[in-house]
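The sequence shown maps to residues -23 to -1, 1 to 690 in mature numbering (1 follows the signal peptide of the UniProt record, and there is no 0).
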Amino acid sequence: MRISIIAASVAATLVLGACSSNVVNHQQTDTEHTKTNMTTSTQNALFAQSPLTYQAPQFDKISVQDYEPAFEAGITQHDAQIAAITNNPATPTFENTIVAMEKSGALLTRVSKTFYNLASVISNDEYQRIEAKIGPKLTAHEDNIYLDAKLFARIEQIEANKASMNSVDQRLVDYYHTKFLRAGAKLNDAEKAQVRDINSQLSSLATDFSQNILQSFKQDTLLVSDKSQLAGLSEGEVATLANAAKEAGKEGYLITLVNTTRQPILTSLENRDLRKKVWKMSANRAIDTNGPVLVKLAQLRAQKAQLLGYPTWAAYVTADQMAKTPAAVYDILDDLAPKAVAKAKDEAAAIQQQIRADGQDFTLQPWDWAFYSEKVRKAKYDLDESVIKPYFELNRVLHDGLFFAMQKLYGITFKARKDLPVYQQDVQAFEVFNEDGSSIGLFYFDPYAREGKGGGAWMDEFVTQSDLLGQKPVVYNVLNIPKPATGQPTLLTFDEVTTLFHEFGHAAHGLFSQVKYPSLAGTATARDFVEFPSQFNEDWDIDPEVIAHYAKHYQTGQAIPKALLNKLLAAHHFNQGYDTTEYLAAALLDMEWHSISAGTQINDVAAFEQKALAKHDIDYAPVPPRYKSAYFSHAFAGGYSAGYYAYLWTEVFAADAFAYMTEQGGLTRENGDQFRRSVLSMGNSQDLMQDYIDFRGSKPSTEALLKRRGLKK
């Protein structure tokens, strides 16, 4: 999943407030700019605050040609606002410096959020050109702010005199002070110049990495002309591949990739040679284009860390997270790795037995795992995915599953807003309401895979909640479900159902935010906390009351038979050795890439990967990393460098919290209100562990995690 696209593209999130009716300075600046550039601004919807509900973007009025002039004007405007703060002759105060910075940058916020969010979901050559051009400019703009000695002197003076402030104001002061320090504010001029140069290179390289991935989704496809080679796929799946080929202007059946090494199609595809081709296409993608890019990224990050006084990039990153040190991360990953690999080897033995039972004598390979593990699953649980999927139709899962669960837990309801423009025809817009009828914000849902859309699933915000700026949240969720042929239903795997619930956990975090300052609001928390609400939300998809409400046959409306449901729930922990091992392998790759010291030479990406996995005894060939380095967007372009471990770190919180809530009665408003009040509404406005303690009464333990992953009974 992606929490801040702007941060991923610019290397670190700019503190950009947004325009609202109670921010006079913003209105004046925007008005003055409009008077000066009347022709441009009246034709460009980005120049003014959107008049739509809660400043929702005017997608129907924004064209790709609008971005560059809006970026240029936004940077100029923000430069002037920051200069006014820096050169203010009055004694530095919280209001005239910190709050002023929170209120600055209305136009740049608006264009940045709109552009980077849309660049991830409807990208084309023009979006990619603009991204490559504007990225270094935004990086330089940020450096101008956070490397300014005069501005930092004001921040330090406020930091030294913060004792009389309330706790939230103190936390915001600490946020800025830390951000300046970690940017290099105390370096000498020569060192600052080096940081600027490195930041510029990192911005360009991250953009290159991301765009190479998008190109890979277009180029790394497999066209099958003979339908018989697709034996094992359902007619609906075959029709989806035919539709993909047609949309690409080709004849036959087009197999495209999802973002992970594992490919869903391998579960059903009987043709072993074709399975091998699909897997190798997935595992080896983008290595030629992104191999040199990722090595340079890792080396530059190590250089920057050294300049800032840290031995490695991993040390630099974790110092600002809940983990605090790479050693703490390695401890938890290395503790779980042998348990996961042992479980995976047990699963592999069962698969190898199934291969022999089928009259085959080959040794299990990565491209065989999904196909034969599905056979094992069917035999063990008498469970067939093709029989399950008709009970998970997308709209019913969304409305009768997710929305129902959220209503039971938090009292919220969703109203379709078909009057609001969307950026693509399949996107749905909803307004979200509290039980008393008061509006919370807007939620956009973008379910289908398509050309120009990044792989995977994520949440982000078009507008961040802020009491200071009078803003309500406007958030969106992205999935990448294959779009069925015209007239066919969208039937989900149970994994896709879980992903839908997961991503809305992020959306709830953004929607329920009740924080004054935008820099501390919503999902703007440490990365090794931000996945907690989403992973917590996953398990509501198997709550008995919830699943009974949505798991109904798309044709007959009949509830999923109890026997089938019991099999599904019993199989919930199936293949967890594989799932955990592939995740840990990726997390350890990320940490090893970012644990190199400055000056380390790396000539062979594959050799580095192999050595890193062997070091942690997780180089188990049948279970490759969830992401290999060349398409590991989290680590090299998605803002999760030395941070992919966060999914496991926060799963400890999620499993513990869900177990606790189950003990307290499960799906009740009392439980939901407590979680909303103590965790989801707080953003980063107080210590994150304290948020959890306020909810749970104690710190989390790992017991529930081991049970959740089926690694302990």
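The C-beta atom is built at its ideal place from N, Cα and C for all residues, glycine as well. Computed from a predicted model, the values in this text were never measured in an experiment.
Residue j beta carbon less than 9 Å from that of residue i
{"i": "S662", "j": "V399", "result": "no"}
{"i": "R685", "j": "D516", "result": "yes"}
{"i": "K392", "j": "F381", "result": "no"}
{"i": "D120", "j": "V172", "result": "yes"}
{"i": "S618", "j": "H571", "result": "yes"}
{"i": "L657", "j": "I309", "result": "no"}
{"i": "F509", "j": "A634", "result": "yes"}
{"i": "F652", "j": "L251", "result": "no"}
{"i": "F194", "j": "T238", "result": "no"}
{"i": "N267", "j": "F613", "result": "yes"}
{"i": "L164", "j": "L284", "result": "yes"}
{"i": "Y608", "j": "A321", "result": "no"}
{"i": "K449", "j": "Y93", "result": "no"}
{"i": "D335", "j": "K355", "result": "no"}
Of the listed residues the options, nearest to residue i (C-alpha basis)
{"i": "N21", "options": "T30, A681, S97, I39", "result": "I39"}
{"i": "Y307", "options": "L284, H593, K114", "result": "H593"}
{"i": "G112", "options": "V98, Y669, L85", "result": "L85"}
{"i": "A275", "options": "K110, S193, N176", "result": "N176"}
{"i": "F420", "options": "A614, P459, F481", "result": "F481"}
{"i": "G499", "options": "D505, D146, S490", "result": "S490"}
{"i": "M299", "options": "D596, I132, F630, F635", "result": "F630"}
{"i": "A484", "options": "I417, K544, Y494, Q448", "result": "I417"}
{"i": "V374", "options": "D668, T116, I524, K544", "result": "I524"}
{"i": "K460", "options": "M436, D423, D37", "result": "D423"}
{"i": "I670", "options": "L688, Y637, L158", "result": "Y637"}
{"i": "P269", "options": "N580, H55, P677", "result": "N580"}
{"i": "L545", "options": "Y287, E49, S363, N143", "result": "S363"}
{"i": "K529", "options": "V294, P241, F369", "result": "F369"}
{"i": "T91", "options": "S187, D437, D151, R673", "result": "D437"}
Rounded C-alpha distance that separates residue i from residue j
{"i": "L682", "j": "D518", "result": "17 Å"}
{"i": "K588", "j": "E569", "result": "10 Å"}
{"i": "T467", "j": "A137", "result": "58 Å"}
{"i": "V201", "j": "A208", "result": "12 Å"}
{"i": "H3", "j": "L446", "result": "Low confidence applies to H3: its pLDDT is 32, below 50, so where it sits in the model is not reliable, and the reading given next is rough at best. Taking the straight line from one Cα to the other gives about 10 Å."}
{"i": "F551", "j": "V455", "result": "26 Å"}
{"i": "S(-3)", "j": "P46", "result": "Any reading at S(-3) needs caution, since the residue's pLDDT is 29, under 50, leaving its predicted position unreliable; the model's value is listed next. Computed Cα separation, rounded: 24 Å."}
{"i": "T425", "j": "Y453", "result": "The amino acid at residue 425 is misidentified as Thr; the sequence shows Tyr. Y425 and Y453: Cα-Cα distance of roughly 13 Å."}
{"i": "E428", "j": "A25", "result": "30 Å"}
{"i": "A260", "j": "A140", "result": "54 Å"}
{"i": "F478", "j": "Q58", "result": "41 Å"}
{"i": "D197", "j": "A96", "result": "20 Å"}
{"i": "Q42", "j": "Y104", "result": "10 Å"}
{"i": "V451", "j": "L371", "result": "22 Å"}
{"i": "A462", "j": "A216", "result": "6 Å"}
{"i": "S245", "j": "T558", "result": "22 Å"}
{"i": "L271", "j": "K281", "result": "15 Å"}
{"i": "L541", "j": "P599", "result": "30 Å"}
{"i": "A222", "j": "E214", "result": "13 Å"}
{"i": "T295", "j": "R159", "result": "12 Å"}
{"i": "P495", "j": "V150", "result": "13 Å"}
{"i": "F339", "j": "I332", "result": "8 Å"}
{"i": "L688", "j": "D396", "result": "48 Å"}
{"i": "P315", "j": "T116", "result": "41 Å"}
Cβ neighbour criterion (16 or more within 10 Å) applied to residue i
{"i": "G554", "result": "buried"}
{"i": "P601", "result": "buried"}
{"i": "M666", "result": "exposed"}
{"i": "S574", "result": "exposed"}
{"i": "P28", "result": "exposed"}
{"i": "residue 691", "result": "Outside the displayed range of the chain (-23 to 690) lies residue 691, so it cannot be described from this structure."}
{"i": "S606", "result": "buried"}
{"i": "T68", "result": "exposed"}
{"i": "P521", "result": "exposed"}
{"i": "C(-5)", "result": "Its pLDDT being 32, under 50, C(-5) is placed unreliably by the model, and the measurement read from it follows with that caveat. It is buried - the Cβ of C(-5) has at least 16 other Cβ atoms within 10 Å."}
{"i": "Q512", "result": "buried"}
{"i": "F506", "result": "buried"}
{"i": "G433", "result": "buried"}
{"i": "residue 743", "result": "With the chain represented from -23 up to 690, any question about residue 743 goes unanswered, as that position is not in the structure."}
{"i": "residue 697", "result": "With the chain covering only -23 through 690, there is no way to say anything about residue 697."}
{"i": "A591", "result": "exposed"}
{"i": "N514", "result": "buried"}
Rounded distance between the beta-carbons of residue j and residue i, thought under 8 Å
{"i": "G660", "j": "L497", "result": "5 Å"}
{"i": "residue 691", "j": "A563", "result": "The chain is shown from -23 up to 690; residue 691 falls before or after that span and cannot be answered."}
Min CB distance residue i to chain B below 9 Å
{"i": "V474", "result": "Absent from the structure is chain B; it holds one protein chain and no more."}
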